[in-house]
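Just below is one structure, and these are the notes that go with it.
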């Protein structure tokens, strides 16, 4: 998809009241490896095959930690992603994973 088409879709008058803000805030990358470099999270909202075959080990290695993947289409190999170290979230499918003690949870103690 051409960048001009992406911006046109994101700034369509029926969904956007501030096209200038979108143009300043949205960065478009030519590949997934560059786009995910130095990030904490990936949000996948498409079933495109190219996202299934990416080298997620390489991607994980270049992301900040903790590294999250939100698989909105449930197309990825979640077991493999968990083994690589990703925190995987989906919509409509619960993944078995270890309990994470977060500092804001009721079971946390301040020392």
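In the numbering used here, the protein residues as written are 41 to 151.
Every residue, glycine too, gets a C-beta built ideally from N, C-alpha and C.
Keep in mind that this is a model prediction, so the values were computed, not measured.
| Check | Outcome |
| --- | --- |
| Output the distance between the C-alpha atoms of residue 102 and residue 44, rounded to the nearest integer angstrom. | 28 Å |
| Below 6 Å CB to CB, which residues in the same chain sit around residue 129 once its five sequence neighbours on both sides are set aside? | 110 |
| Expressed to the nearest angstrom, what Euclidean distance is found between the alpha-carbon atoms of residue 69 and residue 46? | 11 Å |
| Under a three-way DSSP split, which group does residue 109 fall into? | strand |
| Which residues in the same chain as residue 84 place their Cβ atom closer than 8 Å to its Cβ, once the five residues preceding and following it in sequence are excluded? | 91, 109, 110, 111, 112, 113, 115 and 116 |
| Which residues in the same chain as residue 50 place their Cβ atom closer than 7 Å to its Cβ, once the five residues preceding and following it in sequence are excluded? | 56, 62 and 66 |
| Helix, strand or coil for residue 99? Go by DSSP, reduced to three states. | helix |
| Could you say which of 132, 71 and 59 lies nearest to residue 93 if we only look at CA atoms? | 71 |
| Within the 8 Å Cβ cut-off, does residue 71 reach chain D? | In summary, chain D is missing from the structure at hand, where a single protein chain is found. |
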